[in-house]
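Novice: Quick one: the structure is below, questions incoming.
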Amino acid sequence: MSTAKALAVLISLSLCTPALALTLSPQEQAGKRLYREGLSSSDAQLTARVGASDLSVPASVLPCASCHGRDGRGRAEGGVRPSVLDWQRLALSQGARQSNARSYPAYTDASLARAIQHGVDPGGNRLDPAMPRFELTLADQRNLTAYLKRLAEDRDPGVEEGVLRLGTLLPADGPLAEAGRVVRAVLEDGVAQLNQQGGIHGRRLELVVADPGPDQASAEQALMRLLDQEQAFALISPLAPMLDQRLATVLEQQGVPLIGSTPRSGGSLQMFDPLPGIATQLLSLAVHARESLGLAPDGLRVVYAGNDQAALAEQVRERLQQQGWVLPPAEAFTGQAVESQGIVFLGRARAFAELAAAAQAAGREPYLFASSGQVAGAVATLPTQWSNRVFLAYPFVPGDWTEQGLATLAGLQQRQGLDPRQASLQVNTLCALQLLTEALKQIGRDASRERLVAALEGLHDVDTGLTPALGFGPGRRQGMAGAHVVAVALPGPRFISAAPYRPVPDSP
Ligand code: HEC
């Protein structure tokens with residue numbers, strides 16, 4: 438790959454200003470480390486005494502940010518709300534402050550130290566024992582105080598006076614180049630429209646596209662460049678399957694939210710996907726297999742083609758077991774006929790056609806279940822004997838489209854010259870952008886990554902006009918908890934709705 442291609446491409450609708458990060462003095466930097474990680478500037482191990490019983494734990498286990506948030510806005514958990522640590526509110530404004538039913542005068546450096554070390558506020562009130570008492574050296578306390586005075590200004594990367602920067606990873610070459618072009622067109626179009634309407638809370642959106650290149654190493658480099666140099670606030674709809682779980686790890690380390698992607702294996706609380714992942718789609722098919730086709734509890738097998746599908750296949754099998762299916766470990770397809778009433782398949786279209794041919798050659802006619810996104814390309818070639826024996830999961834069907842949704846999609850396709858036959862990826866990307874925009878509007882001008890994650894988590898019943906209503910929840914990171922079940926009638930193929938979308942029980 439050429440360096441020119443590897444370089445992130447900056448798309449900006451007006452002159453771009455360089456990223457202006459807040460400069461912290463060495464003392465403030467040290468305070469930030471203490472605040473975020475509970476670490477001293479010396480070798481000392483800091484301790485925190487917790488609860489009414491004064492149990493001692495290392496401060497690194499309970500850093501300030503774990504309760505007050507990296508942004509100092511406080512995360513309510515259980516009964517008490519960790520206070521908002523804004524120096525303006527704590528010390529600089531006039532009159533008495535109220536917090537958790539305490540009333541107290543302005544903080545000074547000395548009374549701040551007393552609150553942190555002894556749990557007493559400037560009015561002499563005891564703080565709730567949920568606020569630990571920290572044992573700090575004089576230097577650590579000074580560092581921490583210095584940082585707390587700057588905390589409110591210490592914005593997350595990518596949030597500037599007039600700009601909010603989003604990043605994505607889209608390959609310019611290789612098998613995903615065409616998909617990358619589509620995603621890019623949808624994002625650029627949406628961002629331009631938003632900016633025409635004045636942006637979000639007075640900030641213009643800026644999209645930075647980096648090319649992940651051919652392999653995991655190049656993709657990781659591109660990701661780090663997006664985060665470190667380009668200062669992307671959040672990621673949207675990246676196409677970088679080679680990063681897989683590595684992406685989740687980096688996002689978690691840096692607290693970066695992502696919307697519009699599901700890792701092949703595992704998952705992460707930082708990652709939100711508007712549409713159901715393959716595992717959830719296959720579970721919808723299994724519900725149909727049991728309830729409408731009457732398959733026996735041991736009537737399903739999970740079969741996959743390609744090593745890259747193995748982990749996901751095993752995950753599907755586990756979730757099927759939780760739903761009451763009894764089944765052996767997921768099986769790799771190597772050309773053999775699989776003996777079973779029904780086969781849940783993961784892999785590419787070609788292998789799916791081979792699986793059907795192998796079954797037919799052995800005189801078997803199992804039901805075949807698969808995700809439309811993976812195998813739809815193969816069904817036109819299947820012999821008619823498979824009519825109504827193949828069931829595909831679709832996150833959305835044209836029946837979900839409202840007049841307004843349709844107009845949005847058609848307008849986009851026309852402006853960007855996009856092929857209506859690739860509506861799936863277009864809708865996917867549109868939904869990601871819509872949910873992100875919705876959450877950004879909700880958090881207001883005071884945008885932080887933590888608040889964005891909380892706002893995304895709070896989205897419910899969002900009407901996209903193109904899909905069933907979308908929403909997330911605590912620990913829930915897929916916008917839909919199931920899929921439509923569509924039967925394939927042959928010859929044709931004709932696609933016939935077999936079961937409408939409904940949430941699969943207990944899906945994440
Ligand atoms: C385990 C959670 C937790 C951790 C960790 C924690 N706090 Fe708190 N903190 C709280 C809670 C809860 C309150 C509210 C107590 C109350 O209102 O009675 C609070 C209150 C405060 C207050 C009082 C603010 C006011 O308005 O009176 C200050 C100052 C404070 N914390 C600073 C810190 C600093 C600095 C650290 C890290 C060295 C830290 N906290 C770590 C939970 C925590």
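In terms of this note's numbering, the sequence shown opens at residue 438 and continues consecutively. Just so it is clear, CB atoms sit at the ideal spot from N, CA and C, and this is done for glycine as well. Here the structure is a predicted model, which is why all the values come from computation and not from measurement.
1) Give a single yes or no on whether residue 534 has its beta carbon closer than 7 Å to a heavy atom of ligand 1.
2) In this structure, what does DSSP give as the bridge partners for residue 605?
3) Just to confirm, is the Cβ distance from residue 786 to residue 830 under 8 Å?
4) How should residue 717 be labelled, buried or exposed, when 16 other C-beta atoms within 10 angstroms of its C-beta is the threshold for buried?
5) With distance defined between alpha-carbon atoms, name the residue in 496, 842, 494, 592 nearest to residue 508.
6) Output the distance between the C-alpha atoms of residue 886 and residue 473, rounded to the nearest integer angstrom.
7) Tell me which residues share the same chain as residue 469 and place their Cβ nearer than 6 Å to its Cβ, disregarding the 5 neighbours each side in the sequence.
8) In the DSSP output, which residue or residues are listed as bridge partners for residue 725?
9) Have a look at the DSSP bridge pairing and note the partners of residue 779.
10) List the residues that DSSP assigns as beta-bridge partners of residue 915.
11) Is the distance from the Cβ of residue 684 to the Cβ of residue 663 below 8 Å?
12) State yes or no: is the C-beta of residue 869 within less than 8 Å of the C-beta of residue 715?
13) According to DSSP, simplified to helix, strand and coil, what is residue 484?
14) Smallest Cα separation from residue 813: which of 839, 838, 783?
15) Please report the distance separating the alpha-carbon of residue 808 from that of residue 781.
16) From what residue to what residue does the beta strand (DSSP E) around residue 505 run?
17) Does the segment 903-918 come into contact with the segment 678-693, if we say contact requires no fewer than three beta-carbon pairs (one atom in each stretch) closer than 8 Å?
18) Quick one: give me the first and last residue of the alpha helix (DSSP H) that residue 758 is part of.
19) Going by DSSP, name the residue or residues bridged to residue 828.
20) Which same chain residues, not among the five before or five after residue 628, have their C-beta less than 6 Å away from its C-beta?
21) Under 8 Å: do the segment 563-582 and the segment 849-860 share three or more Cβ pairs, one atom per stretch?
22) According to DSSP, which residues form a beta bridge with residue 936?
23) Expressed to the nearest angstrom, what Euclidean distance is found between the alpha-carbon atoms of residue 846 and residue 864?
24) Under 8 Å: do the segment 517-536 and the segment 485-499 share three or more Cβ pairs, one atom per stretch?
25) Residues around ligand 1, please: the ones whose beta-carbon is closer than 5 Å to some heavy atom of it, in chain order.
26) Measuring only the C-alpha atoms, how far is residue 740 from residue 791?
27) What is the C-beta distance between residue 793 and residue 823, in whole angstroms, given that I count them as a contact (C-beta under 8 Å)?
28) Who are the near neighbours of residue 866 in its chain, counting only those whose CB is closer than 7 Å to its CB and skipping five residues on each side?
29) Could you round the C-beta distance between residue 540 and residue 547 to whole angstroms and report it? I think they count as a contact, below 8 Å.
30) Can you give the Cα-Cα distance for residue 938 and residue 909, rounded to whole angstroms?
31) Looking at the secondary structure, which residues open and close the alpha helix (DSSP H) in which residue 571 lies?
32) Leaving out five residues before and five after residue 440 in sequence, what residues of the same chain have Cβ atoms less than 8 Å from its Cβ?
33) Okay, do the segment 644-653 and the segment 573-589 touch, 3+ Cβ pairs below 8 Å being the bar?
34) With H, G and I counted as helix, E and B as strand and the rest as coil, what does DSSP make of residue 548?
35) Can you have a look at residue 799 and say buried or exposed, based on whether 16 or more other CB atoms are within 10 angstroms of its CB?
36) List the DSSP bridge partners of residue 541.
Specialist: From the atom records:
1) Checking the 7 Å criterion, the Cβ of residue 534 is within range of a heavy atom belonging to ligand 1.
2) 646, per the DSSP bridge assignment.
3) Result no, Cβ atoms of residue 786 and residue 830 do not sit closer than 8 Å.
4) The residue is buried, with at least 16 neighbouring Cβ atoms inside 10 Å.
5) Closest by C-alpha distance to residue 508, out of 496, 842, 494, 592, is 592.
6) In this structure, the CA atom of residue 886 is about 14 Å from the CA atom of residue 473.
7) In chain order, 584 place their CB closer than 6 Å to the CB of residue 469, counting only its own chain and leaving out the 5 sequence neighbours on each side.
8) The partner list for residue 725 (beta bridge, DSSP) is empty, contrary to what the question assumes.
9) DSSP, once it has assigned bridges, lists 737, 804 as partnering residue 779.
10) According to DSSP, residue 915 bridges with 710.
11) In this structure, residue 663 does not lie closer than 8 Å to residue 684 by Cβ.
12) Cβ atoms of residue 869 and residue 715: not closer than 8 Å.
13) Strand, per DSSP.
14) Among 839, 838, 783, the Cα nearest to that of residue 813 belongs to 783.
15) Linking residue 808 to residue 781 through their CA atoms gives a straight-line distance of about 9 Å.
16) Bounds of any beta strand (DSSP E) do not take in residue 505; it lies within the alpha helix (DSSP H) bounded by 501-505.
17) Output reads no: the segment 678-693 does not touch the segment 903-918.
18) Counting along the chain, the unbroken alpha helix (DSSP H) around residue 758 starts and ends at 747-759.
19) Answer is 806, 924, bridged to residue 828.
20) Excluding sequence positions up to five before and after residue 628, its CB lies within less than 6 Å of the CB of 642, 644, all in the same chain and listed in chain order.
21) No: the two stretches stay apart, fewer than three of their Cβ pairs being nearer than 8 Å.
22) In the DSSP output, where bridge partners are listed per residue, residue 936 has 922.
23) One C-alpha to the other measures close to 8 Å.
24) Output reads no: the segment 485-499 does not touch the segment 517-536.
25) Taking a cut-off of 5 Å from the heavy atoms of ligand 1, the residues with a C-beta inside it are 499, 501, 504, 517, 519, 520, 536, 537, 552, 553, 558, 564, 565, 567, 568, 571.
26) Distance between the alpha carbons of residue 740 and residue 791 is about 12 Å.
27) Confirmed, about 6 Å.
28) These residues qualify, in order along the chain: 620, 623, 624, 674, 697.
29) Between residue 540 and residue 547, the beta carbon gap of about 19 Å keeps them out of contact (Cβ cut-off 8 Å).
30) Between residue 938 and residue 909, the C-alpha separation is close to 16 Å.
31) The continuous stretches of alpha helix (DSSP H) do not include residue 571, which lies in the beta strand (DSSP E) extending over residues 570-572.
32) Model confidence at residue 440 stands at a pLDDT of 41, short of 50, so the residue's coordinates are unreliable and nothing is read from them.
33) In short, these stretches do not touch, since the Cβ pair count stays below three.
34) The three-state reading of DSSP puts residue 548 in helix, counting H, G and I together.
35) Per the 10 Å Cβ criterion, exposed.
36) According to DSSP, residue 541 shares a beta bridge with 534.
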